[in-house]
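If you count the sequence shown from 1, you need to add 899 to reach the numbering used here. Accompanying notes for the structure given below.
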Amino acid sequence: MSPALHRDRPLKRLGFLHLVPFTAQDPGAGLRDALDLFTYAEELGFDSGWIRTRHLQYGVGAPGAYLGALSQVTSTLELGNAVIPLEFENPFRLAEDLGTVDLLSGGRLRPGFSAHPPRFDAAVNARVFGAGWEREDYGNERLERLLALLRGQAVREVGEYQGFGGDFDAPTVQPLSPGLAQRAAYGAGSLRSAEWAGAAGLSLLVSNISTMENGVRSVNAAQAAQMRAFRAAHPAGEAAHVSQARVVVPLDGTTPEQEARYRAYVQRRTPRTRGVVGAKTIIAPDVMGSLEEIVHSFAEDESFALADEVIFELPFELEPEDWRHQLRQVATRIGPALGWQPRAQHNGGNSAR
């Protein structure tokens, strides 16, 4: 019998996060394979499916375009992005893209954002962002502008129609999708950013990477503190929505060849979790093992107890059939053991706010 995990706070949603990797030789194949994977996850009953944004890597660099494609091959799955780094984006154009995708999806979009300066070296930044990139403001003001546009803030005044050229002028970004801004989330990795997200009324996204603060080296403990700070600052208080992401590698049901590859994958990644990376980056270990071992790991995680949604990060370097196996294990065994109920059993089903 599968172990059951008691939670005082119900686990409202089960999601997964996919890099959508592809090869330089045939990028279209990887993009199409991921469309199939998302439709498969929807069939399994997942509540949400998330993509990463990757620039100058073999992953999705155009989140609006790809989320639009996903909106047309799914019908119930909430579609998220964890996260869109806003230094690459114009808030006005991004608002147009997101509004379009949300309407095409029937209101299923859950955009996640981050705000920080460009992270390439100076020469690459100059090629990507152009001359004068150092003088740009890459802080949260970009996100504030984006949210205002999504809420329908007027950009201009539109005079009375003069009877020619078509009466198409609008004072706001178009198309507007009601409720989209209320589904926005912020990818936080520190107490300060978590507090800011709460005060801004956003949802919170935390991943397997965080920041050492106040001498705390445990990702679980650090993120528990971030979640509490987020809700303390949020107008909705304890009702504010938190999504936690973790890399989980289930071994039940694997072939010997699969298990060997999974163990080698985790072994390569484990050394970075044993200390502080750089100045203050801390990384959670991958959770690998049987159903019982995985549930035990979550039971020991104080931040998981505070989350409303758990998002399973699919390992980057595996194959489509590996990801399908992992999604099956999560939806049919791990999720229910963690206290999740499939959509059909939910008492409600409104999108996260």
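All C-beta atoms in this analysis are idealised placements derived from N, C-alpha and C, irrespective of residue type, glycine included.
Nearest Cα to Phe1211 within the set Gln1157, Gln1081, Arg1173 and Ile1193: Ile1193. Phe1129 places its beta carbon 9 Å or farther from that of Leu1048. For the options Pro909, Ala1022 and His905, the alpha carbon positioned closest to that of Glu1208 is the one of Pro909. Under DSSP, Gly1011 forms a beta bridge with Ala1084. Between the segment 971 to 980 and the segment 1018 to 1033 there are fewer than three C-beta pairs closer than 8 Å, too few to call the two in contact. At the C-beta level, Pro920 and Gly958 come within 9 Å of one another. Rounded to whole angstroms, the separation of the alpha carbons of Ser1189 and Ala961 is 36 Å.
Under the DSSP definition of a beta bridge, Asn980 partners with Ile950 and Pro1010.
By the C-beta density criterion, Ala964 is exposed, having fewer than 16 other C-beta atoms within 10 angstroms. Residue environment for Arg1018: exposed (fewer than 16 other C-beta atoms within 10 angstroms of its C-beta).
Between the alpha carbons of Glu1158 and Arg1026 lies a distance of about 43 Å. Bridge partners of Pro1070 according to DSSP: none are assigned. Fewer than three Cβ pairs drawn from the segment 1084 to 1095 and the segment 1065 to 1076 lie within less than 8 Å of each other, which leaves the two stretches out of contact. Spanning the alpha carbons of Ser1109 and Ala1098 requires a straight line of approximately 20 Å. In the three-state scheme derived from DSSP, where H, G and I count as helix and E and B as strand, Met1187 is classed as strand. In this structure, the straight-line span from the alpha carbon of Pro1235 to that of Ala1021 is close to 48 Å. Contact between the segment 1120 to 1137 and the segment 1163 to 1178 is absent: fewer than three C-beta pairs spanning the two stretches fall below 8 Å.
Membership of Ser1109 in the beta strand (DSSP E) is indicated by the continuous run Ile1108 to Thr1110. Phe1197 and Val972 have their C-alpha atoms some 32 Å from each other. Taking 9 Å as the cut-off, the beta carbon of Arg1168 is found closer than this to the beta carbon of Asp1185.
Following the DSSP letters along the chain, one finds Ala1144 inside the beta strand (DSSP E) bounded by residues Val1141 to Pro1149. Taking 9 Å as the cut-off, the beta carbon of Ala1053 is found no closer than this to the beta carbon of Val1118. Looking at the backbone, the Cα of Gln1166 and that of Arg1145 are separated by about 16 Å.
Within 10 angstroms of the beta-carbon of Gly927 lie fewer than 16 other beta-carbons, which makes it exposed. A direct Cα-to-Cα measurement between Arg1232 and Arg1242 gives close to 15 Å.
Take the alpha-carbon of Trp949 and the one of Leu916: they are about 4 Å apart. Here Ala1123 has Glu1201, Ser1202 and Leu1205 as same chain residues with Cβ atoms under 7 Å from its own Cβ, once five neighbours each way along the sequence are excluded.
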